[in-house]
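Residue 98 in the working numbering sits at position 98 of the sequence shown; the count goes up by one each step and never skips. All residues carry an ideal CB built from backbone N, CA and C; glycine is no exception. These figures come from a predicted structure and were not determined experimentally.
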Amino acid sequence: MSTEDKNGFFSKFKATLNHTRTKLGDGIAELVLRQKGISDEFLEDVETQMLTADIGIEATTEIIENLRKKMKRKDLVDPSKFMLHLKSEMIGILKPCEQKLEVTENTKPFVILVVGANGVGKTTTIGKLANLYREEGKKVMLAAGDTFRAAAIEQLQVWGDKNGIPVVSQNIGADSASVIYDAYQSAKAKEIDVLIADTAGRIHTKDNLMNELEKIGRVLKNQDQRLPDEVILIIDSTTGQNALSQVASFRGSIPVSGIILTKLDGSTKGGIALGLARKFRIPFRFLGVGEQIEDLLAFKSTDFVEALFPDNND
Ligand SMILES: Nc1nc2c(ncn2[C@@H]2O[C@H](COP(=O)(O)OP(=O)(O)OP(=O)(O)O)[C@@H](O)[C@H]2O)c(=O)[nH]1
Ligand SMILES: [Mg+2]
Numbered sequence: 001m002s003t004e005d006k007n008g009f010f011s012k013f014k015a016t017l018n019h020t021r022t023k024l025g026d027g028i029a030e031l032v033l034r035q036k037g038i039s040d041e042f043l044e045d046v047e048t049q050m051l052t053a054d055i056g057i058e059a060t061t062e063i064i065e066n067l068r069k070k071m072k073r074k075d076l077v078d079p080s081k082f083m084l085h086l087k088s089e090m091i092g093i094l095k096p097c098e099q100k101l102e103v104t105e106n107t108k109p110f111v112i113l114v115v116g117a118n119g120v121g122k123t124t125t126i127g128k129l130a131n132l133y134r135e136e137g138k139k140v141m142l143a144a145g146d147t148f149r150a151a152a153i154e155q156l157q158v159w160g161d162k163n164g165i166p167v168v169s170q171n172i173g174a175d176s177a178s179v180i181y182d183a184y185q186s187a188k189a190k191e192i193d194v195l196i197a198d199t200a201g202r203i204h205t206k207d208n209l210m211n212e213l214e215k216i217g218r219v220l221k222n223q224d225q226r227l228p229d230e231v232i233l234i235i236d237s238t239t240g241q242n243a244l245s246q247v248a249s250f251r252g253s254i255p256v257s258g259i260i261l262t263k264l265d266g267s268t269k270g271g272i273a274l275g276l277a278r279k280f281r282i283p284f285r286f287l288g289v290g291e292q293i294e295d296l297l298a299f300k301s302t303d304f305v306e307a308l309f310p311d312n313n314d
């Protein structure tokens, strides 16, 4: 059980992962209850359960192979110890992705570019991030880089108002890179600590939209080679395996340095975190766990894995 439950973080993790737990952890826990010993057949059943819970082929194979080796070495004999071994394999895969986003003080403004497919939760997550940094006492500004729809600019403005922070925007149809350039200039002049730029949702297989992202990257680099300081790719955790191709495509256009998994609260497919971690090892900066401003959790691999299984399954 987590030792860091002082603020109810673990309880929130647990509640958030309810649906994924029903799909993954409860099923495995039931399998374990029926076992007298660990067999190849049992491991195959666990493997099937993991695949249907969107952990993906690579992470699942790695975990099952390691457990099979332990079984052969007789390190894994007792079914009552199975969960401990399984959890520790999962934590091993997720741990490298547990890296907090360090917003450095000496690089003003620290520029965060938020990208992702349509409707994944980019703008909402920006509202949550703005709130987080504002509460830390930082001066935050937003850039309305999604110029495709008037509603997108208005939506960001609403989050700006909620946070009481400035939003730099231009008219609908304006060049996204130019909006972000303007915002950068303004943020620099106003000594803003964190500038968070929204971008339009894009289907990762459409070249022209991906080229626009490359342009944003170039325009920022022209200002300062270090920019952008962070590129966050938002992944909707209900999309399942498609997340893997989204990461691969976005990374082809812009150096993605962090992932935020959203909508975990309604998803049965939270297991995708393991698939993503195994394949890309990109840090999960945060998890989106609801539609409200405070529904953003820091990623902790141990808590995440514990929350995937019913209680008392050590
Ligand atoms: N349950 C839940 N809903 C979320 C979460 N994050 C975002 N949403 C909802 O998902 C929907 C889309 O969110 P947006 O923030 O508009 O997504 P977007 O990526 O900016 O969308 P586009 O700009 O149209 O590409 C909204 O209804 C949000 O309230 C989350 O973590 N949990
Ligand atoms: Mg949006």
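Quick one: is residue 106 buried, meaning 16 or more other Cβ sit within 10 Å of its Cβ, or exposed? Exposure of residue 106 is indicated by the presence of fewer than 16 other C-beta atoms within 10 angstroms of its C-beta.
Looking at the secondary structure, which residues open and close the alpha helix (DSSP H) in which residue 10 lies? Annotation for residue 10: the continuous alpha helix (DSSP H) segment containing it runs 9 to 16.
Rounded to a whole number of angstroms, what is the C-alpha to C-alpha distance between residue 145 and residue 279? Straight across, the Cα-Cα distance linking residue 145 with residue 279 is about 29 Å.
Would you check if the segment 207 to 214 and the segment 180 to 193 touch, i.e. whether three or more CB-CB distances between them fall below 8 Å? Judged by Cβ distances under 8 Å, the segment 180 to 193 makes no contact with the segment 207 to 214, as fewer than three pairs qualify.
Using only CA atoms, which one of 236, 285, 181 and 251 lies nearest to residue 272? The residue with the shortest Cα to Cα distance from residue 272 is 236.
Smallest Cα separation from residue 270: which of 25, 10 and 152? Nearest of 25, 10 and 152 to residue 270, Cα basis: 25.
Using C-beta distances below 7 Å, list every residue in its chain close to residue 2, excluding the 5 sequence neighbours before and after it, in chain order. Only weak support is given to the placement of residue 2: the predicted model assigns it a pLDDT of 44, under 50, and the value that follows is read from those uncertain coordinates. So the list reads 10, 302, 303 and 306, once near-sequence residues are dropped.
Where do the N-terminal and C-terminal ends of the beta strand (DSSP E) with residue 304 fall, by residue? Segment 301 to 307 is the alpha helix (DSSP H) holding residue 304; no beta strand (DSSP E) there.
Following a CB-centred definition, is residue 15 positioned closer than 7 Å to any heavy atom of ligand 4? Absence of ligand 4 is noted for the structure shown, with ligand 1 and ligand 2 being the only ligands found.
May I ask you to report which of helix, strand or coil DSSP gives residue 82? Residue 82 carries a helical assignment under DSSP once its states are collapsed to helix, strand and coil.
Among residues of its own chain, excluding the 5 on either side of residue 251, which ones have a beta-carbon nearer than 7 Å to its beta-carbon? Result list for residue 251: empty, nothing under 7 Å.
Cutting at 7 Å between CB atoms, please list the residues of its own chain near residue 34, excluding the five before and the five after it. If we look at residue 34 and ignore the five residues flanking it on each side, it has no Cβ neighbours.
Sorted by chain position, which residues of the same chain lie with C-beta nearer than 6 Å to residue 14's C-beta, five sequence neighbours on each side aside? 307, listed in sequence order.
Buried or exposed, going by whether 16 or more other CB atoms sit within 10 Å of the CB of residue 89? By the 10 Å Cβ count, residue 89 comes out buried.
Excluding the five sequence neighbours on either side, which residues of its own chain have a C-beta within less than 6 Å of the C-beta of residue 159, listed in chain order? Within the same chain, Cβ atoms closer than 6 Å to the Cβ of residue 159 are found at 127, the five residues on either side in sequence being excluded.
Distance check for residue 69 and residue 44, CA to CA, integer angstroms please. Cα to Cα, residue 44 sits roughly 14 Å from residue 69.
Taking C-beta to C-beta, are residue 12 and residue 289 nearer than 8 Å? Residue 289 is positioned such that its CB atom lies closer than 8 Å to that of residue 12.
So is the beta-carbon of residue 161 under 7 Å away from any non-hydrogen atom of ligand 1? Taking non-hydrogen atoms of ligand 1 into account, the C-beta of residue 161 is found less than 7 Å away from none of them.
Look up residue 254 in the DSSP assignment and say whether it is helix, strand or coil. In this structure, residue 254 counts as coil in the three-state DSSP scheme.
In angstroms, rounded to a whole number, what distance separates the CA positions of residue 6 and residue 182? Caution is warranted here: a pLDDT of 49 is assigned to residue 6, below 50, making its placement in the model unreliable, and the coordinate value is therefore given only provisionally. Looking at the two C-alpha atoms, the distance is approximately 42 Å.
Tell me the residue span of the beta strand (DSSP E) that contains residue 285. Residues 284 to 288.
Residues that residue 197 bridges to, as DSSP identifies them: Beta-bridge pairing links residue 197 to 113 and 143.
Check residue 20 in the structure and name its three-state DSSP category. In the structure shown, the three-state DSSP call for residue 20 is helix.
Throw me the rounded Cβ distance for the residue 56 and residue 241 pair, which I believe falls under 8 Å. Sure, about 6 Å apart at Cβ, within 8 Å.
Residue 45: beta carbon under 7 Å from a heavy atom of ligand 1? Residue 45: no, Cβ never under 7 Å from ligand 1.
First and last residue of the uninterrupted beta strand (DSSP E) at residue 229: No beta strand (DSSP E) contains residue 229, which DSSP labels as neither H nor E.
So, at 7 Å on beta carbons, what are the nonlocal neighbours of residue 263 in its own chain, with the 5 sequence-adjacent residues on each side left out? The residues are 121, 236, 237, 238 and 288.
Going by the C-beta, is residue 120 closer than 7 Å to any heavy atom of ligand 1? Checking every heavy atom of ligand 1 against the Cβ of residue 120, one is found closer than 7 Å.
Report buried or exposed for residue 171, applying the criterion of at least 16 other Cβ atoms within 10 angstroms of its Cβ. The residue in question, residue 171, is exposed, as its Cβ has fewer than 16 Cβ neighbours within 10 Å.
Please name the residue or residues paired with residue 236 in a DSSP beta bridge. According to DSSP, which records beta bridges pairwise, residue 236 is partnered with 262.
Where does residue 3 fall in DSSP's three states? Note that residue 3 scores 46 on pLDDT, short of 50, meaning its location in the model is unreliable; the coordinates nonetheless yield the value given after this. DSSP places residue 3 in coil when its eight states are reduced to three.
Best match in 81, 51 and 52 for proximity to residue 38 [C-alpha to C-alpha]: The closest CA to that of residue 38, considering only 81, 51 and 52, is found on 81.
Less than 8 Å between the beta carbons of residue 130 and residue 142, yes or no? Cβ distance < 8 Å, so residue 130 and residue 142 count as in contact.
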